[in-house]
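>
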Amino acid sequence: MTTDVNVVLINFPAKGNEMVVPNEDGSYTILINARLSEEGRMLAYQHAMRHIAADDFQKEEIQTIEAQAHELLDSAKVQKIPSQEYEIIIKKIQQRRKKIKKAMAQAEEKIKFIQKYGQDQFFERAEEYYLYGDNL
Numbered sequence: 000m001t002t003d004v005n006v007v008l009i010n011f012p013a014k015g016n017e018m019v020v021p022n023e024d025g026s027y028t029i030l031i032n033a034r035l036s037e038e039g040r041m042l043a044y045q046h047a048m049r050h051i052a053a054d055d056f057q058k059e060e061i062q063t064i065e066a067q068a069h070e071l072l073d074s075a076k077v078q079k080i081p082s083q084e085y086e087i088i089i090k091k092i093q094q095r096r097k098k099i100k101k102a103m104a105q106a107e108e109k110i111k112f113i114q115k116y117g118q119d120q121f122f123e124r125a126e127e128y129y130l131y132g133d134n135l
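In terms of numbering that gives the first Met the number 0, the sequence shown is residues 0 to 135.
1) Going by Cα to Cα distance, which pick from Thr-28, Ser-36, Gly-39 is closest to Phe-56?
2) To the nearest angstrom, report how far apart Gln-114 and Ile-99 are at their CA atoms.
3) What is the C-beta distance between Val-4 and Ser-26, in whole angstroms, given that I count them as a contact (C-beta under 8 Å)?
4) Measuring alpha carbon to alpha carbon, tell me which of Phe-121, Glu-107, Ala-33 ends up nearest Ala-13.
5) Which residues mark the beginning and the end of the beta strand (DSSP E) in which Glu-126 is found?
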């Protein structure tokens, strides 16, 4: 059975090449970014058709689907990785980012201090600041 496919050229508001929408009647609509070159539109169409031909809309592993559609992976060698592992990695990255932001804020305070008091009296002011705080 041949699947019905509608193709629409549209200016995407954001980056993206194509989007495939499964319709209620079993057909599909491929939305292709009109801002692409003719070659880019053709590649986007072919990419979308690979998703339709592989029946990817019934699958749940998005990363695997995309890798196979881009012919990056052999389906026999694909390993599923639980999303929980990705969540752990993301949380670690967020914690590291938080530490970096804190270190940057402290460095900016030091820079402001040096700019405020200049280099001439820097060590005197630094000692006063250390002993008495910024209340002088």
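Every residue, glycine too, gets a C-beta built ideally from N, C-alpha and C.
According to the structure shown:
1) Locating residue 56 in the sequence shown gives position 57, where the first residue counts as 1. Nearest of Thr-28, Ser-36, Gly-39 to Phe-56, Cα basis: Thr-28.
2) For the purposes of this step, residue 114 is identified with residue 115 of the sequence shown, where counting begins at 1. For the purposes of this step, residue 99 is identified with residue 100 of the sequence shown, where counting begins at 1. Those two C-alpha atoms are separated by around 22 Å.
3) As a working note, residue 4 is residue 5 in the sequence shown. As a working note, residue 26 is residue 27 in the sequence shown. Right, the Cβ-Cβ distance comes to about 7 Å (below 8 Å), so this counts as a contact.
4) Taking the first residue of the sequence shown as position 1, residue 13 is located at position 14. Nearest of Phe-121, Glu-107, Ala-33 to Ala-13, Cα basis: Ala-33.
5) In the sequence shown, the residue the question calls residue 126 occupies position 127. Careful: Glu-126 lies outside any beta strand (DSSP E), inside the alpha helix (DSSP H) at 121-131.
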